[in-house]
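Below is one structure, written out as structure tokens; the observations come after it.
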Amino acid sequence: MGIEKPQPFISLLLLLIFVYCVLAIESSFSPTVNYLIDCGSSNKTRLKDGRTFKSDRETASLLSTTEDIQASIESINITNNVSSSSLPLYQTARIFTEESIYTFYISKIGRLWIRLYFFPLPHPSYNLTSAIFSLHTTHFVLLHEFSVTKNDTLVFKEYLVNVSESRFSLKFKPMKNSLAFINAIEVISAPDTLISDSATAVSSLGGFKGLLKSALQVSYRINVGGPAITPDSDTLSRTWENDASYNVFPRGSKNVSVSNKSIKYPQTEATPLIAPNLVYATAIEMKDPKVMQPNFNLSWMMNVEKSYSYLIRLHFCDIVSKALNELYFNVYINGMVGVSSLDLSSQTKALATAYYQDFVLRESAITNGTILVQVGPANLQQGTTNAILNGIEVMKMSNSADSFDGLFSVDGEYKGPTNKALKIAASVGIGLAVMAMLLLTVICIRWHKRPRGWEKRKSISSWLVPINSTCKTRSSCRSSSTMSSRKSRNGHSPKGPGRFFPFNELQHATKNFDETGVIGVGGFGKVYLGTLEDGTKVAIKRGSASSEQGINEFRTELNMLSQLRHRHLVSLIGFCDENSEMILVYEYMANGPFRSHLYGSNLPLLSWQQRLEICIGAARGLHYLHTGAAQSITHRDVKTTNILLDENYVAKVSDFGLSKAVPEKAQVSTAVKGSFGYLDPEYFRSQQLTQKSDVYSFGVVLIEVLCARPVICPALPREQVNLADWAIQQHRRGMLHKVIDPRIVDTISAESLKKYVEAAHKCLADHGVDRPSMGDVLWHLEYALQLHEAASRIDAPEDITANNLITVRHPDESSNVVADHSVAHASNASDTTTDVDSTFSQVVQMQGR
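As numbered in mature numbering (1 follows the signal peptide of the UniProt record, and there is no 0), residues -24 to -1, 1 to 825 make up the sequence shown, in order.
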């Protein structure tokens, strides 16, 4: 009787052997084309990674040239980012004084790695640092008029070229009276699965096809969160850099890693040939401890050449989650959404499993010569607030001239703008020249009519005076300006940028800019309290030479405020730009910034009613900017320090240096500017500015007013750092009372609080279309004020003294307490308030517009 064999065990063993063999095949690659040449060397060169480069003698049949020279150096001492294992390849070189061609026989068509090594070795007869040459393949220009001008620089170039013929050539073409050189060459087969034909187009969020037709040049290969990877540790002899020099926000980053052996590759396109497990075993995630700004994006920035499209490959592997479907995050490239709510679990069906995605960034989306890769939380209800990235590859795509270096094709033909385009450009140039001549004529006329003493003032302000000005002398101009200013204070809106103040007059007004008179400090410079000759107190903002802001912000505020007059906007009295100074003179706001009355000072406590009235005033000012001015204006820096209070606590919006004209219900592409904590996240992501960006910032202000604490406080636990997010979370949990200013929480009526929080919550919607207009916000704030007044009247006992009552005024009364005589022409439409009874009968829905 025989013994029965354990069939299941044998089957399992065979299956494991089969899987092991498949993985071994996938993780190794034997190129059918494998040319490794150490140019100029008389012997073979074996690298630490095991690869052997043949000498010139062994590869002489590949080279056809009229004249070439070997150059070598016995020792070099160079520190560079290039892997030390490849340094032996830089010790010898081959020099070409005439056109020379390497011809390689290709046994299998497809993509080839082309790796080139350059180092200008010292030579007794030739100066390689002065060598200028071009390098072509049969169809692509790899280098055009290339040179290595520094004798301590190692240059490594890496390309992926699709070859469809049995021969492949590298042609070195020195410029006239110059030479070419090369230290080492690699021509190797690349796996067919390495680059597919399709990718995700970032700008249009659609599919992109045609990668197989394009040659690629490797610009960056980065191991995110891990050490540099040398060719001996990579499946395809690639080099990966560490990401430290590209990480924009290292303070918010946390390195994570797992064992290399724990990384799995799915039964899809992701294999060890795409990237070694060393890349997927390390990553960067969002740092948990205190950070400057919550819900930030992890960011990496790389400098690239303009006028090229780029293939961007991002590597992901979820090595941070404890279970599936916990991690959701967004991927952004140059501020545009690449992937929304990426769930690695749905892609790989397992944790610690490799995944990658390719993106194509068009040349039109590269405006400042950089590529910015970002990952950030998706802000969904489910999952954790986190994002990860394991690796980045950036590859330049060949342009319309099939070149990586300019617009000249292989045959020397220029593929740039056509003759027709050049004619158009010439016509435009002639038109601009004519305009310049006309402008020069106007300047000459203006020069002959310049004010007397202009040379002493050295000011650009005189050029703002109209050509037909009736001022005959400087004194008469000053007299006229003073009269204009006085008329302005009596209710007549001045035209133009306001009164010009001589610098010495402002020196006298501020006691030579005495530091004891500083009443504020901002990005533009310091603000001084000054007293004019007639006793009028003014706020004098003096631009600092070290300020990040400059002439553009100065002129913006000057031009904006010269056109704006409203009771709830700070009035500009005049300016000075004499002696390279940039000074603005405003009406004096005796009670300073709103923020100082909320926290951080010993000023008297503002009641809930006072806070509501101040918010309403600020909302009226912003509503006027958006709808009542000659052109719709977005403030772009709404915050409590830019809401000032006069002696009667009337709120006025200030600081228009970042303001921009934005048509209503429109958006304008512009660089992101503003203040952390108040910045509209949609504007930050898309760089599209709308009026709703002000609405978001004002929503943050409303929360700050309610809670009386900074909007960003890094000293608090992570979830509490951002006040707006924290307050909204507490509101959803029904625990908002725990974050409200404890000094006033018991004085706020429930109805008033509900309406106020409703307005703030709507302002903070993620998308601008879901936010209300400033007009709707204003209506809700006025409604909240009247609800509070009504509750105060009902709750107040009859025998209580007037001194113990919270001051309650009808909005019409409160808006008329102070008559601002300097702005008599202010818009009254935004200051009107409906009757209490009629207001209570209205129902307004807070919907985005």
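Think of the CB as a built atom: it goes at the ideal place given N, C-alpha and C, for glycine as much as any other residue.
query                                                                                                                : result
Sub-7 Å separation of residue 767 and residue 725 beta-carbons                                                       : yes
Beta carbon of residue 679 nearer than 7 Å to that of residue 703                                                    : yes
Best match in 167, 219 and 186 for proximity to residue 173 [C-alpha to C-alpha]                                     : 186
DSSP three-state assignment for residue 746, whether helix, strand or coil                                           : helix
Distance between residue 160 and residue 295 (C-alpha atoms, nearest Å)                                              : 39 Å
Check whether residue 519 and residue 501 have beta carbons under 7 Å apart                                          : yes
Other residues of its chain near residue 661: CB distance less than 7 Å, five sequence neighbours each side excluded : 308 and 311
Residue 552 - DSSP class collapsed to helix/strand/coil                                                              : strand
Close beta carbons around residue 391, own chain, < 6 Å, minus the five adjacent residues each side                  : 376, 377, 383 and 385
Spatial distance of residue 76 from residue 40 (CA atoms)                                                            : 6 Å
Same chain, Cβ closer than 6 Å to residue 291, five either side skipped, listed in chain order                       : 251, 255, 332, 366 and 367
Residue 313 - partner residues in DSSP beta bridges                                                                  : 308
Rounded separation between residue 192 and residue 262 - CA only                                                     : 32 Å
Close Cβ partners of residue 530 (< 7 Å) along its chain, the five nearest in sequence each way excluded             : 519 and 558
Residue from 754, 644 and 571 whose Cα sits closest to the Cα of residue 615                                         : 571
Where residue 713 falls, given that 16 or more other Cβ within 10 Å makes a residue buried                           : exposed
Burial state of residue 743 (16 or more Cβ within 10 Å)                                                              : exposed
Burial state of residue 205 (16 or more Cβ within 10 Å)                                                              : buried
Top-ranked residue by Cα proximity to residue 27, from 162, 336 and 494                                              : 162
Selected residue, minimal CA-CA separation from residue 208, among 302, 22 and 478                                   : 22
Within 7 Å, strictly: CB atoms of residue 330 and residue 246                                                        : yes
Residue 119 vs residue 111 beta-carbon contact at 7 Å                                                                : yes
In DSSP terms, what residue 14 is bridged to                                                                         : 160
Every unbroken beta strand (DSSP E) within the region 159 to 236, with a cutoff of 3 residues, ordered by chain      : 160 to 165, 174 to 177, 182 to 185, 192 to 199 and 229 to 233
Residue 697 classed as buried or exposed, judged by whether at least 16 other C-beta atoms fall within 10 angstroms  : buried
Beta-carbon spacing of residue 617, residue 569 below 7 Å                                                            : yes
Burial state of residue 81 (16 or more Cβ within 10 Å)                                                               : exposed
Sequence-distant residues of the same chain with beta carbon closer than 6 Å to residue 784, five excluded per side  : At residue 784, the pLDDT of 34 sits below 50, so the modelled position is not reliable and the matter cannot be decided from this model.
Runs of beta strand (DSSP E) lying entirely within the region 275 to 307, each at least 3 residues, in chain order   : 286 to 292
Alpha-carbon to alpha-carbon, residue 671 and residue 639                                                            : 15 Å
Proximity below 7 Å, CB of residue 594 to CB of residue 627                                                          : yes
Contact under 7 Å by Cβ, residue 107 with residue 142                                                                : no
Check whether residue 372 and residue 284 have beta carbons under 7 Å apart                                          : yes
DSSP state of residue -3 mapped onto helix, strand, coil                                                             : With a pLDDT of only 43 at residue -3, under 50, the local geometry of the prediction cannot be trusted, and no value is derived from it.
Closest residue to residue 517 among 544, 509 and 483 (Cα-Cα distance)                                               : 483
Sequence-distant residues of its chain with Cβ nearer than 6 Å to residue 576 (five each side left out)              : none
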